[in-house]
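Novice:
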Amino acid sequence: MEEKEILERAAKYIAEEKDDSFRKEVEDLVAKKDMAELEDRFYQSLEFGTGGLRGVMGGGTNRMNTLNISKATQGLANYLIKAFPEEAKNGTLSACVAYDSRHNHDKFSDITARVFAANGIKAYLFTSLRPTPELSYAIRILGCKTGVVVTASHNPPQYNGYKAYWDDGAQVVEPHDKGIIDEVNAVKEVKLIEKDEAVKAGKIVLIDKEIDEKFQAMIKSNLYRPELIKEKASSVKVVYTPLHGTGAMHVEKVLGDLGLNVITVPEQREGNGDFPTVEKPNPEEAPALKMAVELAEKEKADVVMATDPDADRFGTAFPDKNGKYVLVSGNQMGALLADYVLLSKKEFNKMPEKPVLIRSIVTSPFVDSIAKKYNVAVKECLTGFKWIAYDEGQMEKDGSGNYVFGLEESYGYLVETEVRDKDGISAAAMCAEMTLYWASKGKSLLEHLNDMYKEYGLFEDRAISKYFPGVQGPKIMGGIMTKLRTEGLTSLGGKKVIKIRDIQQQVAFVPANPSSKENLPWPKSNVLQFILEGGTIVSARPSGTEPKIKFYINSTVPVSAKTDEALEEAKKAADKLCSDISEEINAVLNAAG
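The letter at position 4 of the sequence shown is residue -16 when you use the numbering used here, and the numbering goes up by one with no holes.
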């Protein structure tokens, strides 16, 4: 990009940005003529994508700041007024706004509420940090037409984000996503009202415990065995970490009300956007749980639980027979929860007609075998929990099925229907009950997981990712995907590729006969899946929220007999298969740069 164009964009931003700190960042860069940094901040505009905004905070069009958020909210408001003309005319439109512990959460949530209020849309604004699933719940019980949560989930500290929701409590999907994007891109002027004035006029309504109490009661109402919990809860010790995020208030309260002994990692209990004790506040990664595991070892806890900063993801670790804590993967916990929810629904005659479990296409098919046992249909959807919520809503509208459980491999689970996004709080409560249930049967969760492997076969998973930051990042990742599409893969880990699913082209085909194509039912998404002989699936996709490309290995290996020896042999075979495939994938990534 030419220097003149960069400086013109910077000058325009300086003129429009109302926040002093963000504006001064750019003024200082211009004064120093730091063209490399200015180019990174202005070579593109941070796009309002299908889920909203996410990026590094700072001044500039390619950063998260109050100007970009005010424009995004104005576009969302404009679309909302067009989508609900009667409510707009009557002045009954409303929105809900929440935020987690990220830096600038107060600035970003306040300006979001102020733009809504200035456009005649009543804004319900939480008074302090709240989890994403509570925002989804609040939209539904308050009757809002939209909602926004200011969060960057488990990204590093320099990030923040803006997730937009629709009136069903789910993140926006088509056709609304495209309509909102068009409105955001067309914004020329932002309407704004002072917060104090808006609160005084009832245009911004501050909310807190009246939603909290209902949310907590809802979670407890979805449990299956309150008597068992009451009887056995005192015998279970839980070590929990909210990873400096929003989860503590609800996890401590809900599990405490159930009688469970919850010990929260003190250094990680309070919200802190620096996330000072972890490199990344991501419960999917072992280093994030290090302090919790160390405390669990000291306390001899029965389970370690963790939620990410906005408490929609849920991670766990359990002690094995030797007292060593084993981290449970997202696919493993998803299978355990699916098994427990389905067996409980069956036992208590709560299984609906036409029951359906929904999982993302990159989630292990382990749960498919479990669902089959309970005569539950499985529906696959695109990556991103919004698609699970979308399919749930569609089934509710057309009567084609009844939702019983939803999961994605990235530690996302939804055990209730009152929320339309992944919910780490309810997952924690259900996991606690499940732990007690299997303990009452003389089993730990790890032992039950091994029993499931003996019944269904061994499912082993690996995830590989590589970051490609900066201006060239998208181009490099695009090149990797293009190469995989054009040159293909004939085998991985010594296993032949027997089928390819290209979600971008919306087709599946057999490499030996590529002209024989099967149409796929999902919207276009840049994902490739290679199905190997024996059932292992390898998926590739660029991340929608970070500058990285991801590969998922979902391997399956049969277990020859229901014995510990046979299971160990299967584990060795799966480990070798995943390692061989990982080596080949890393070679592809390293060759790309």
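From the three backbone atoms N, C-alpha and C, an ideal C-beta is built for every residue, glycine too.
Are aspartate -1 and threonine 53 closer than 8 Å when you measure CB to CB?
Specialist: For the purposes of this step, residue -1 is identified with residue 19 of the sequence shown, where counting begins at 1. For the purposes of this step, residue 53 is identified with residue 73 of the sequence shown, where counting begins at 1. Aspartate -1 is not a Cβ neighbour of threonine 53, given a cutoff of 8 Å.
Novice: Return the first residue and the last residue of the beta strand (DSSP E) that proline 522 is part of.
Specialist: In the sequence shown, the residue the question calls residue 522 occupies position 542. Residues 517 to 522.
Novice: Buried or exposed: threonine 296, going by 16 or more other Cβ atoms within 10 Å of its Cβ?
Specialist: Along the sequence shown, one-based indexing puts residue 296 at 316. So threonine 296 ends up on the buried side.
Novice: In the DSSP assignment, what residue or residues form a beta bridge with serine 74?
Specialist: Within the sequence shown, numbered from 1, the residue matching residue 74 stands at position 94. Note: serine 74 sits in a beta bridge opposite Lys102.
Novice: On the three-state DSSP scale, how would you describe aspartate 441?
Specialist: Working through the sequence shown from its first residue, we reach residue 441 at position 461. It is a strand residue.
Novice: Helix, strand or coil: which one does DSSP assign to valine 152?
Specialist: For the purposes of this step, residue 152 is taken as residue 172 along the sequence shown, with counting starting at 1. Here valine 152 sits in coil by DSSP.
Novice: When the Cα of glycine 573 is compared with those of Asp441, Ile456, Thr226, Glu265, which residue comes out closest?
Specialist: Numbered from its first residue, the sequence shown carries residue 573 at position 593. The shortest C-alpha separation from glycine 573 is found at Ile456.
Novice: Only counting runs of 3 or more residues, tell me where the beta strand (DSSP E) segments fall wholly within the region 497 to 553, in order along the chain.
Specialist: 508 to 512, 517 to 522, 528 to 537
Novice: Measuring straight from C-alpha to C-alpha, what distance separates leucine 269 and threonine 257?
Specialist: On the sequence shown, position 289 is the one that residue 269 refers to. On the sequence shown, position 277 is the one that residue 257 refers to. Answer to the nearest angstrom: the Cα atoms are 10 Å apart.
Novice: What does DSSP give as the partner residues of valine 130 in its beta bridges?
Specialist: Taking the sequence shown and counting its residues from 1, the one referred to as residue 130 is at position 150. In the DSSP output, where bridge partners are listed per residue, valine 130 has Tyr79.
Novice: Applying the criterion that 16 or more other CB atoms from any shown protein chain within 10 Å of the CB defines a buried residue, is tyrosine 447 buried or exposed?
Specialist: By 1-based counting over the sequence shown, the position of residue 447 is 467. Exposed is the call here.
Novice: Give me the Cβ distance between phenylalanine 294 and proline 263, rounded to the nearest whole Å; I'm assuming they're in contact under 8 Å.
Specialist: Along the sequence shown, read from residue 1 onward, the residue named residue 294 stands at position 314. Along the sequence shown, read from residue 1 onward, the residue named residue 263 stands at position 283. Right, the Cβ-Cβ distance comes to about 7 Å (below 8 Å), so this counts as a contact.
Novice: Helix, strand or coil: how does DSSP classify alanine 291 here?
Specialist: For the purposes of this step, residue 291 is taken as residue 311 along the sequence shown, with counting starting at 1. Note: alanine 291 maps to coil in three-state DSSP.
Novice: Over the uninterrupted beta strand (DSSP E) stretch that includes cysteine 411, give me the two end residues.
Specialist: Within the sequence shown, residue 411 is the residue found at index 431, counting from 1. Unbroken run through cysteine 411 is the alpha helix (DSSP H), 404 to 420; no beta strand (DSSP E).
Novice: Taking buried to mean at least 16 other C-beta atoms within 10 Å of its own C-beta, is valine 451 buried or exposed?
Specialist: For the purposes of this step, residue 451 is identified with residue 471 of the sequence shown, where counting begins at 1. In summary, valine 451 is exposed, with fewer than 16 beta-carbon neighbours lying within 10 Å of its beta-carbon over all protein chains present.
Novice: Quick test of your reading: isoleucine 511 and isoleucine 478, contact by CB under 8 Å. State the CB separation rounded to the nearest angstrom.
Specialist: Start at 1 with the first residue of the sequence shown, and residue 511 comes out as number 531. Start at 1 with the first residue of the sequence shown, and residue 478 comes out as number 498. Their Cβ separation, rounded to whole angstroms, is 6 Å, which keeps isoleucine 511 and isoleucine 478 in contact under 8 Å.
Novice: Does DSSP put proline 111 in a helix, a strand or coil?
Specialist: Taking the first residue of the sequence shown as 1, we reach residue 111 at position 131. It is coil, neither helix nor strand.
Novice: I'd like to know whether the C-beta atoms of aspartate 292 and lysine 402 end up nearer to each other than 8 Å.
Specialist: Within the sequence shown, the letter at position 312 stands for residue 292. Within the sequence shown, the letter at position 422 stands for residue 402. Here aspartate 292 is near lysine 402, since their CB atoms are less than 8 Å apart.
Novice: Mark leucine 186 as exposed unless 16 or more other C-beta atoms lie within 10 angstroms of its C-beta, in which case mark it buried.
Specialist: Looking up residue 186 in the sequence shown gives position 206. Exposed is the call here.
Novice: According to DSSP, what are the bridge partners of asparagine 241?
Specialist: For the purposes of this step, residue 241 is taken as the residue at position 261 of the sequence shown. Its beta-bridge partners are Lys217.
Novice: Is the region 411 to 430 touching the region 196 to 211 in the sense that three or more CB pairs, one from each, lie closer than 8 Å?
Specialist: yes
Novice: Using a Cβ-Cβ cutoff of less than 6 Å, which residues in the same chain neighbour serine 577 once the five nearest sequence positions on both sides are dropped?
Specialist: Since the first residue shown for the chain is -19 and the last is 573, residue 577 is missing from the structure and cannot be characterised.
Novice: Enumerate in chain order the residues of its own chain whose CB-to-CB distance from asparagine 430 is below 7 Å, with the five nearest sequence positions on each side excluded.
Specialist: Counted from its first residue, the sequence shown places residue 430 at position 450. Hits under 7 Å: Leu547.
Novice: Assess, as a yes-or-no matter, whether the region 303 to 322 is touched by the region 129 to 146 under the definition of 3 or more beta carbon pairs within less than 8 Å.
Specialist: no
Novice: Going by DSSP in three states, serine 309 sits in which element: helix, strand or coil?
Specialist: For the purposes of this step, residue 309 is identified with residue 329 of the sequence shown, where counting begins at 1. If DSSP states are grouped into helix, strand and coil, serine 309 belongs with coil.
Novice: Would you list the one or two residues that DSSP bridges to tyrosine 145?
Specialist: Taking the sequence shown and counting its residues from 1, the one referred to as residue 145 is at position 165. BP columns for tyrosine 145 point to Gly127, Gln151.
Novice: Taking just the CA atoms, how far does glutamate 498 sit from glycine 514?
Specialist: Taking the sequence shown and counting its residues from 1, the one referred to as residue 514 is at position 534. Taking the sequence shown and counting its residues from 1, the one referred to as residue 498 is at position 518. So the two alpha carbons sit approximately 21 Å from each other.
Novice: Specify the secondary structure class of asparagine 430 as computed by DSSP and reduced to three states.
Specialist: Along the sequence shown, read from residue 1 onward, the residue named residue 430 stands at position 450. DSSP places asparagine 430 in the helix class (H, G or I) of the three-state scheme.
Novice: What is the DSSP secondary structure of glutamate 360, counted as helix, strand or coil?
Specialist: The residue given as residue 360 occupies position 380 in the sequence shown. Reduced to three states, the DSSP call for glutamate 360 is strand.
Novice: Given this structure, state the Cα-to-Cα distance separating glutamate 398 from glutamate 7, to the nearest angstrom.
Specialist: Locating residue 398 in the sequence shown gives position 418, where the first residue counts as 1. Locating residue 7 in the sequence shown gives position 27, where the first residue counts as 1. Cα to Cα, glutamate 398 sits roughly 47 Å from glutamate 7.
Novice: Can you tell me the Cα-Cα spacing of tyrosine 104 and lysine 552, whole angstroms?
Specialist: Within the sequence shown, residue 104 is the residue found at index 124, counting from 1. Within the sequence shown, residue 552 is the residue found at index 572, counting from 1. A straight-line Cα-Cα distance of about 54 Å links tyrosine 104 and lysine 552.
Novice: By the three-class DSSP mapping on this structure, what secondary structure does isoleucine 173 have?
Specialist: The residue you call residue 173 lines up with position 193 of the sequence shown. In the structure shown, the three-state DSSP call for isoleucine 173 is coil.
Novice: Can you look up proline 335 in the DSSP assignment and give me helix, strand or coil?
Specialist: Mapped onto the sequence shown, residue 335 falls at position 355. Correct three-state label for proline 335: strand.
Novice: Touching or not, the region 382 to 389 and the region 356 to 372, by the rule of three or more beta carbon pairs under 8 Å?
Specialist: yes
Novice: Which of helix, strand or coil does DSSP assign to glutamate 27?
Specialist: Walking along the sequence shown from the start, residue 27 turns up at place 47. Coil at glutamate 27, not helix or strand.
Novice: Starting from isoleucine -14, trace the beta strand (DSSP E) both ways and give me its first and last residue.
Specialist: Here residue -14 refers to the residue found at position 6 of the sequence shown. Careful: isoleucine -14 lies outside any beta strand (DSSP E), inside the alpha helix (DSSP H) at -17 to -4.
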